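There are 2 protein chains.
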Amino acid sequence: MQQNRSRVRQQRILDAALRVFSRKGFRDASVDEIASESGTSKGGVYFHFPSKDVIYLQLLDRTVARLRNKIEAAMAEHDHPIAKADAALLAVLRTFDKHATLARFFMVETLGAGRQFQSRMAETRAEFAGIIRQHLDAAVDQGIIEPLDTEVAAQAWFGALYEVITGWVLVRKPERLEETYAALRPLLMRSVGAEEIPLSALMES
Amino acid sequence: MQQNRSRVRQQRILDAALRVFSRKGFRDASVDEIASESGTSKGGVYFHFPSKDVIYLQLLDRTVARLRNKIEAAMAEHDHPIAKADAALLAVLRTFDKHATLARFFMVETLGAGRQFQSRMAETRAEFAGIIRQHLDAAVDQGIIEPLDTEVAAQAWFGALYEVITGWVLVRKPERLEETYAALRPLLMRSVGAEEIPLSALMES
DNA sequence: CGAAACCAACCGACCAGTCGGTCGGTTTTG
DNA sequence: CAAAACCGACCGACTGGTCGGTTGGTTTCG
Chain A
1 MQQNRSRVRQ
11 QRILDAALRV
21 FSRKGFRDAS
31 VDEIASESGT
41 SKGGVYFHFP
51 SKDVIYLQLL
61 DRTVARLRNK
71 IEAAMAEHDH
81 PIAKADAALL
91 AVLRTFDKHA
101 TLARFFMVET
111 LGAGRQFQSR
121 MAETRAEFAG
131 IIRQHLDAAV
141 DQGIIEPLDT
151 EVAAQAWFGA
161 LYEVITGWVL
171 VRKPERLEET
181 YAALRPLLMR
191 SVGAEEIPLS
201 ALMES
Chain B
1 MQQNRSRVRQ
11 QRILDAALRV
21 FSRKGFRDAS
31 VDEIASESGT
41 SKGGVYFHFP
51 SKDVIYLQLL
61 DRTVARLRNK
71 IEAAMAEHDH
81 PIAKADAALL
91 AVLRTFDKHA
101 TLARFFMVET
111 LGAGRQFQSR
121 MAETRAEFAG
131 IIRQHLDAAV
141 DQGIIEPLDT
151 EVAAQAWFGA
161 LYEVITGWVL
171 VRKPERLEET
181 YAALRPLLMR
191 SVGAEEIPLS
201 ALMES
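Quick mapping for you: the protein sequence lines, in order, are chains A and B.
For the first sequence, position 104 (counting from the first letter as 1) is numbered 104 according to the working numbering, and the numbering increases by one without interruption.
For the second sequence, position 7 (counting from the first letter as 1) is numbered 7 according to the working numbering, and the numbering increases by one without interruption.
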């Protein structure tokens, strides 16, 4: 049970780090603050993690994994590429709606965290863009949309989404992020030439 | 001529700051480095600028103004909203193509520069999104595109562009940013429901 | 000469990471 | 069984280095 306790403490530190990084950003967050926010001391933090960088990186990994899981779970419930895209879009918007802290960390923090993380950040962006691209390719293969440069299209989708979410994080308008869905969906769909299909029952659930 | 000399030195410092900030980011760029890169000393820098923050802010202002001028000059040569959008898109791509340093500063640096600049950054993003929105609204008024949520659309356009440029800055693929134009243009146009018009003579000039 | 421009040396705040030591619980041993 | 030995977890004072900003003196120029 001792190692269980240890694992709990590690999670506590990561949870605290998420809040502190979200508030202050990587550079302005001191390890002392993470320590006190997680109910321990600096020495305690350094017992569990070798460096501040590693805390950040592990937190990023955890966050990315959770978000990707959410997205993939949402998509797994549908077969049609457009329904998958819809589900993924809603899953993202709702997740960030519910966890604004996460949004702040992920959106505002990711790019400017510091030069040492830049390549990792590029990988992360590429990972999400890759998911989008993969499904765009599938849609092209199935003849649902016309062939197009799916790499640029995936980047553009990611960027559009990223910007809308970032804007919401910074300004908090509209009140609920999900409200942008109605405007975002047709925009994205039309951009790749996907004909309109009713969004009907997708709004609830 | 004394104040002229002074102004020249100020510009030199800003030019050097642009290079150093682009390489290192705001936090990792030391005033000493900006000083030596501009052929002066730290004291010299502090004679012309009251703080590192102000250097950054003035540089940001200068950069935004120049970019906005480029965009508006490009648009002024056309009347039709779609031609304006085209011209603006090309102007942006070409400007960053030619000045990768500027792209690095503007793209990678803007978001994560530090909490103290966050509201200013939000303003800057809003400014460019506002330009896009204004012209989307005009296009709607002229009946060229169907009514839509131009605020979200403008954000999405900005975000898409931002992401593509950022990706290029970080990975440098394709070789020339302008090559993304052919993929980006139809994507953006279709997203707002603008019918295809030949891009023909727009590629050169 | 006098003011503007410039410089090198310096100051002090800040903070990641270290280290010697403590504490509560578990295992070993006589 | 109890005392001794041990151990993982934890604490917080301290250090070493960095860097924004200051200052007092020097050069340049009109």
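Heads up, the beta-carbon is just placed ideally off N, CA and C, and yes, glycines get one too.
No experiment lies behind these values; they were computed from the predicted model shown.
**Study point:** C-beta neighbour in chain A for B:Gln134, strict 9 angstroms
**Key:** Sequence index remark: in the second sequence, residue 134 of chain B carries index 134 (1-based). By this cut-off, B:Gln134 is not an interface position.
Practice item. Could you tell me whether the Cβ of B:Glu151 comes closer than 9 angstroms to any Cβ of chain A? Key: Here residue 151 of chain B is taken as the residue at index 151 of the second sequence, counted from 1. It does; some Cβ of chain A falls within 9 angstroms.
Exercise for review: Using a Cβ-Cβ cut-off of less than 9 angstroms, list which residues of the stretch 75–106 of chain B approach chain A; keep chain order.
Suggested key: Those would be none; no residue qualifies.
Practice item. Output yes or no for whether 9 angstroms exceeds the beta carbon distance between B:Glu37 and B:Ala16. Key: Residue numbering aside, residue 37 of chain B sits at position 37 when the second sequence is read from its first letter. Residue numbering aside, residue 16 of chain B sits at position 16 when the second sequence is read from its first letter. A Cβ-Cβ contact shorter than 9 angstroms links B:Glu37 with B:Ala16.
Practice item. Check the Cβ of B:Leu177 against every Cβ in chain A and list those closer than 8 angstroms, keeping chain order. Key: Locating residue 177 of chain B in the second sequence gives position 177, counting from the first residue. The contacting residues do not exist; B:Leu177 stays about 11 angstroms from chain A at best.
Check your understanding: Looking at the structure shown, is A:Ile34 part of a helix, part of a strand, or coil, going by DSSP?
Key -> On the first sequence, residue 34 of chain A is found 34 positions in, with the first residue counted as 1. DSSP places A:Ile34 in helix when its eight states are reduced to three.
Review point. At least one CB of chain B closer than 9 angstroms to the CB of A:Ala17: is that the case?
Key: In the first sequence, counting from the first residue as 1, residue 17 of chain A sits at position 17. Output row for A:Ala17: interface = no.
Review point. Is the shortest distance between the beta-carbon of B:Arg249 and the beta-carbons of chain A less than 9 angstroms?
Key: With chain B represented from 1 up to 205, any question about residue 249 of chain B goes unanswered, as that position is not in the structure.
Check your understanding: So, is the C-beta of B:Ala201 closer than 9 angstroms to a C-beta in chain A?
Key -> Here the question's residue 201 of chain B lines up with position 201 in the second sequence. Unreliable positioning characterises B:Ala201 in this predicted model, as indicated by a pLDDT of 45, which lies under 50. The coordinate reading is nonetheless provided below. Answer no: the Cβ-Cβ gap between B:Ala201 and chain A never drops below 9 angstroms.
Review point. Secondary structure at B:Gln11, three-state DSSP: helix, strand or coil?
Key: Locating residue 11 of chain B in the second sequence gives position 11, where the first residue counts as 1. Helix.
Point to revise | Assigned secondary structure, A:Arg27 (DSSP; H/G/I helix, E/B strand, else coil) | key: Here residue 27 of chain A is taken as the residue at index 27 of the first sequence, counted from 1. Three-state DSSP puts A:Arg27 in coil, outside helix and strand.
Exercise for review: Using a threshold of 9 angstroms, state whether the C-beta atoms of A:Leu57 and A:Phe117 are closer than that.
Suggested key: Stepping through the first sequence from its first residue, residue 57 of chain A is reached at position 57. Stepping through the first sequence from its first residue, residue 117 of chain A is reached at position 117. The answer is yes: Cβ separation under 9 angstroms.
Practice item. Can you give me the start and stop residues for the alpha helix (DSSP H) that A:Val164 sits inside? Key: Mapped onto the first sequence, residue 164 of chain A falls at position 164. In the DSSP assignment, A:Val164 falls within the alpha helix (DSSP H) that extends over Thr150 to Val171.
Review point. For the alpha helix (DSSP H) that contains B:Asp79, what are its first and last residues?
Key: Counting from one through the second sequence, the residue named residue 79 of chain B turns up at place 79. Note, B:Asp79: premise wrong, no alpha helix (DSSP H); not H, not E.
Practice item. Check B:Arg104 in the structure and name its three-state DSSP category. Key: Numbered from its first residue, the second sequence carries residue 104 of chain B at position 104. DSSP places B:Arg104 in helix when its eight states are reduced to three.
Review point. Comparing the C-beta of A:Tyr292 with each C-beta of chain B, is any distance below 9 angstroms?
Key: In this structure chain A extends from 1 to 205, so residue 292 of chain A is not present and cannot be described.
Check your understanding: To which residues of the same chain is B:Gly43 closer than 7 angstroms at the C-beta, ignoring the five residues directly before and after it?
Key -> Along the second sequence, read from residue 1 onward, the residue named residue 43 of chain B stands at position 43. Short of 7 angstroms from the beta carbon of B:Gly43, and not among the five residues preceding or following it, lies no beta carbon of its own chain.
Point to revise | Buried or exposed by the 16-neighbour rule on C-beta atoms within 10 Å, applied to A:Val54 | key: Your numbering for residue 54 of chain A matches position 54 in the first sequence. Around the beta carbon of A:Val54, a 10 Å sphere encloses fewer than 16 other beta carbons of the protein chains shown; the residue is thus reported as exposed.
Check your understanding: Is any beta-carbon of chain A found at less than 9 angstroms from that of B:Thr166?
Key -> For the purposes of this step, residue 166 of chain B is taken as the residue at position 166 of the second sequence. Yes, B:Thr166 lies at the interface with chain A (some Cβ there is under 9 angstroms from its Cβ).
Practice item. Decide if A:Arg68 is buried, meaning its Cβ has at least 16 other Cβ atoms within 10 Å, or exposed. Key: To locate residue 68 of chain A, count along the first sequence from 1; it is residue 68. Exposed, since its Cβ has fewer than 16 Cβ neighbours within 10 Å.
Check your understanding: Below 9 angstroms between beta carbons: does that hold for A:His135 and A:Met189?
Key -> Against the first sequence, residue 135 of chain A aligns to sequence position 135. Against the first sequence, residue 189 of chain A aligns to sequence position 189. Contact flag unset, no.
Practice item. Evaluate B:Gln155 with the Cβ neighbour count: other Cβ atoms within 10 Å of its Cβ, from every protein chain shown; 16 or more gives buried, anything less gives exposed. Key: To locate residue 155 of chain B, count along the second sequence from 1; it is residue 155. Buried, because 16 or more other Cβ atoms sit within 10 Å of the Cβ of B:Gln155.
Practice item. Keeping to the same chain, check which residues put their C-beta closer than 6 angstroms to that of B:Ala88; ignore five residues upstream and five downstream. Key: In the second sequence, residue 88 of chain B corresponds to position 88, counting from 1. The residues are Ile71, Ala74 and Met75.
Practice item. Could you tell me the boundaries of the alpha helix (DSSP H) in which A:Pro147 lies? Key: In the first sequence, counting from the first residue as 1, residue 147 of chain A sits at position 147. Counting along the chain, A:Pro147 falls outside any alpha helix (DSSP H), and DSSP gives it neither H nor E.
Practice item. Would you mind giving the Cβ-Cβ distance between A:Glu178 and A:Leu93, rounded to the nearest angstrom? I have them listed as a contact below 8 angstroms. Key: Within the first sequence, numbered from 1, the residue matching residue 178 of chain A stands at position 178. Within the first sequence, numbered from 1, the residue matching residue 93 of chain A stands at position 93. Their Cβ separation, rounded to whole angstroms, is 5 angstroms, which keeps A:Glu178 and A:Leu93 in contact under 8 angstroms.
Check your understanding: How should B:Lys173 be labelled, buried or exposed, when 16 other C-beta atoms within 10 angstroms of its C-beta is the threshold for buried?
Key -> On the second sequence, residue 173 of chain B is found 173 positions in, with the first residue counted as 1. Only exposed fits B:Lys173, as fewer than 16 other CB atoms lie within 10 angstroms of its CB.
Review point. Among B:His78, B:Asp79, B:Val169 and B:Val164, which has the Cα closest to the Cα of B:His99?
Key: Translated into positions along the second sequence, residue 99 of chain B becomes position 99. Of B:His78, B:Asp79, B:Val169 and B:Val164, the residue nearest in Cα terms is B:Val169.
**Study point:** 9 angstroms Cβ cutoff met for A:Thr40 and A:Arg7
**Key:** Numbered from its first residue, the first sequence carries residue 40 of chain A at position 40. Numbered from its first residue, the first sequence carries residue 7 of chain A at position 7. Cβ distance not < 9 angstroms, so A:Thr40 and A:Arg7 don't count as in contact.
Review point. Could you check where the alpha helix (DSSP H) with B:Val256 kicks off and where it finishes?
Key: The displayed coordinates of chain B run from 1 to 205. Any statement about residue 256 of chain B would go beyond what the structure contains.
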